[in-house]
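**Q**
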Amino acid sequence: MTNQYKILALDLDGTLLDAQSRITPENARAVRMAQQAGVQIVLCTGRNVREVRRFSEQLEAAPDWLVTANGAAVQHPDDREPAFFDGLSTEMVDIILDECAAIDTDPCLYTTQDLYYGHAFRHFLENLQRRGRVVMDEADEGYHFVEDGNAWREVIARESRPFTKAILYHDDPNAIAPLTAALDKYGIFELAPSVMYGGELRNVEVNRVGVHKGRGLEWLAHHLGCTLANVIAIGDSENDLTMLQMAGLGVAMANSEPCIREAADVITGSNTENGVAQAIYRHILGENER
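Per numbering that gives the first Met the number 0, residue 0 is the first one in the sequence shown, and the count goes up by one each step.
Given below as structure tokens:
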């Protein structure tokens, strides 16, 4: 089959990963088949490189590219530094800390390799775990708990790598909308709010304005000598919206929020039904679902 799609961009959580945050053998097999058909496999996620490498080990072969931190960084899986990078400035990080302090919360800040988080994000993890979803193991390398405001300032002063993005959470889900509005007034942030479990949990992901998964894929497509028309993107959440809208074919998971499904070109099965494999068989390999 002659296929116009040269790049397959895959979100992780809620897409390639199942409810237990694992890549199923069926999805791993289908991804490898797409790769063998000449399609570049791109893991396109809000996570950082260290986290993505842990998941990519569950694939049958390494992905070709990583787009991490919602498009702030693009690189080969084994590269030490990204080929493309557009993270948060020190001024932006200071603003984020100040706005969090104003509503009595704290941020989660990413570099390409590490994740710093405080009490609020720990509560968020605990809430997810009570619902049977494990996002990260705090004992793993690269995760650093930050106790208070003074400790946050110390982290900012000593961390040599620039920060790529932030995730902001509050125990009161109603606090996220005004926090998002407060940050939006600065005009320097890309904001992707997320609503989970019918609104019981909410957070907002924060990047430099203009940085999102769609832009990261646009840079990569140009780097590889093609265009976004040659990209299939599969995702399920707000931070996937730009890549679903900008790709030649945007595929929403059945477990997506209604606004994500409405923005996509087609809908595949859920992340508990090997929806990624279904999409690969149909739209890349030209086969019916298996």
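Where a beta carbon is used, it is the ideal one built from N, C-alpha and C, also for glycine.
These numbers were taken from a predicted model, which means no experiment stands behind them.
Flag this pair as yes or no: are the beta carbons of Glu56 and Arg31 separated by less than 9 Å?
**A** Cβ distance not < 9 Å, so Glu56 and Arg31 don't count as in contact.
**Q** For the candidate residues Arg129, Glu140, Ser255, Tyr116, whose alpha-carbon lies nearest to that of Asp12?
**A** Ranking the options by Cα distance to Asp12, first place goes to Ser255.
**Q** Would you mind sorting Glu199 into buried or exposed? The rule is 16 or more other CB atoms within 10 Å of its CB.
**A** Exposed, because fewer than 16 other Cβ atoms sit within 10 Å of the Cβ of Glu199.
**Q** Please determine, among Gly148, Asp147, Leu114, Val154, the residue with the shortest C-alpha to C-alpha distance to Glu137.
**A** Residue Leu114 is the option with its Cα nearest to Glu137.
**Q** Measuring only the C-alpha atoms, how far is Ile94 from Val208?
**A** If I take the Cα positions, the gap works out to 14 Å.
**Q** What does DSSP give as the partner residues of Asn202 in its beta bridges?
**A** Partner(s): Tyr168, Ser193.
**Q** Going by alpha carbons, who is nearest to Arg132 out of Val250, Leu16, Lys5?
**A** If we check each option's Cα against that of Arg132, Leu16 comes out closest.
**Q** Classify Thr89 as buried or exposed, calling it buried when 16 or more other Cβ atoms lie within 10 Å of its own Cβ.
**A** Counting Cβ neighbours within 10 Å, Thr89 comes out exposed, since fewer than 16 surround it.
**Q** Go through its chain and collect everything with a Cβ distance to Met245's Cβ below 6 Å, but skip five positions before and after it.
**A** Here the set comprises Gly213, Leu227.
**Q** Looking at Ile155 and the ligand ZN, is the gap between the Cβ and the nearest heavy atom below 8 Å?
**A** What this structure holds is no ligand at all, so the ligand ZN is not there to describe.
**Q** With a threshold of 8 Å, are at least 3 pairs of Cβ atoms found where one atom belongs to the stretch 152-166 and the other to the stretch 71-90?
**A** Enough Cβ pairs lie closer than 8 Å, so yes.
**Q** What three-state label does DSSP hand Pro24 in the structure shown?
**A** In this structure, Pro24 counts as helix in the three-state DSSP scheme.
**Q** Using the Cα positions of Val145 and Asn206, report the straight-line distance between them to the nearest angstrom.
**A** Distance between the alpha carbons of Val145 and Asn206: 20 Å.
**Q** For Arg260, I'd like the list of residues in its chain whose CB is within less than 7 Å of its CB, leaving aside the five on either flank, ordered along the chain.
**A** Here the set comprises Ala251, Ile266.
**Q** I believe Asp170 touches Ala100 by the beta-carbon criterion, under 8 Å. Please report the beta-carbon distance rounded to the nearest angstrom.
**A** Between Ala100 and Asp170 the Cβ distance is about 15 Å, and since that is not below 8 Å, they are no contact.
**Q** Please give me, in chain order, every unbroken run of the beta strand (DSSP E) with length at least 3 that falls completely inside the stretch 80-154.
**A** Listed in chain order, they are 106-109, 114-116, 142-144.
**Q** Here's the rule: buried if 16 or more other CB atoms are within 10 angstroms of the residue's CB, otherwise exposed. What is Arg130?
**A** Exposed: under 16 other Cβ atoms inside 10 Å.
**Q** Bridge partners for Val265 per DSSP, in chain order?
**A** Note: Val265 sits in a beta bridge opposite Val250.
**Q** Please report the Cβ distance between Gly234 and Asp10, rounded to the nearest whole angstrom; I am assuming they are in contact, meaning their Cβ atoms lie under 8 Å.
**A** That pair is a contact at about 4 Å.
**Q** When the distance is taken between beta carbons, is Thr104 closer than 9 Å to Leu182?
**A** For Leu182 and Thr104, no; Cβs fall outside 9 Å.
**Q** For the alpha helix (DSSP H) that Leu284 lies in, which residues bound it at each end?
**A** No alpha helix (DSSP H) holds Leu284; DSSP gives it neither H nor E.
**Q** Skipping 5 residues on each side, what residues in its chain have a beta carbon closer than 7 Å to that of Leu127?
**A** Cβ neighbours of Leu127 beyond the five flanking positions: Val134.
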